Amino acid sequence: MNKRNNTKTQQLSKEQLIEAIRRKKECNARAQVIVESLLEQNVNEQDFLIKLRDINQCHYDDVVDERSILKLCSYPLCNETLDNVPTKQYQISTTSNKVYDITDRKKFCSTHCYKASEYIKSQMLTSPLWMRHQEIIPNFKLLK
1 MNKRNNTKTQ
11 QLSKEQLIEA
21 IRRKKECNAR
31 AQVIVESLLE
41 QNVNEQDFLI
51 KLRDINQCHY
61 DDVVDERSIL
71 KLCSYPLCNE
81 TLDNVPTKQY
91 QISTTSNKVY
101 DITDRKKFCS
111 THCYKASEYI
121 KSQMLTSPLW
131 MRHQEIIPNF
141 KLLK
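Below you can see the structure in the form of structure tokens.
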């Protein structure tokens, strides 16, 4: 009897593992499609907020980087192009006597887009996508 219970437990674990792998593949495939869709111009605000539910911060970072490579403002809701990207890495502020690393800031057309993007990213979950069914997904809000 004890041996049969162990076999059943192992079999259940295998089934759970297979289901987890299937769910992981599905979630990653859906996230890839979403990332690619956010590389386009004219992203709809409502669609954007819905799509955020199925990606995590790492995927959003990919969107930011890829849009920058395409010379688009890295905030998906902005349609501006990046024409005059600074080549320097640091910005010196004479008013605050501080040196700022502008590596990430250069990926955006304006300070507003940078802040709006960071605001969205701060709301996003960092957990693996295939474990989302166990979490409460936030209602994302845009920076106005």
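In the UniProt record's numbering, the protein residues as written are 1 to 144.
Where is the CB? At the ideal position from N, CA and C, for every residue including glycine.
Predicted, not measured: the structure shown is a model, and the values here were computed from it.
Item	Value
For the pair the segment 102–111 and the segment 130–143, tell me if three or more CB-CB distances fall below 8 Å.	no
Tell me whether the beta-carbon of Glu135 lies closer than 8 Å to the beta-carbon of Leu125.	yes
Taking one C-beta from the segment 62–69 and one from the segment 37–47 each time, how about it: are there three or more such pairs within less than 8 Å?	yes
Measure the C-alpha to C-alpha separation of Leu129 and Asn97 and round it to an integer number of angstroms.	42 Å
Can you name, in chain order, every residue of its own chain whose Cβ lies under 6 Å from the Cβ of Cys73, other than the five neighbours on each side?	Glu80, Phe108, Cys109, Cys113
Out of His133, Leu143, Gln123, which one is the CA nearest neighbour of Glu19?	His133
What is the C-beta distance between Ile34 and Lys51, in whole angstroms, given that I count them as a contact (C-beta under 8 Å)?	5 Å
To the nearest angstrom, report how far apart Lys24 and Asp54 are at their CA atoms.	12 Å
Taking Cβ to Cβ, would you say Lys121 is nearer than 8 Å to Gln57?	yes
Indicate whether Phe48 and Leu77 have their beta-carbon atoms separated by less than 8 Å.	yes
State the start and end residues of the unbroken alpha helix (DSSP H) segment that holds Leu143.	No alpha helix (DSSP H) holds Leu143; DSSP gives it neither H nor E.
Considering only the beta carbon of each residue, do Ala31 and His59 sit closer than 8 Å?	yes
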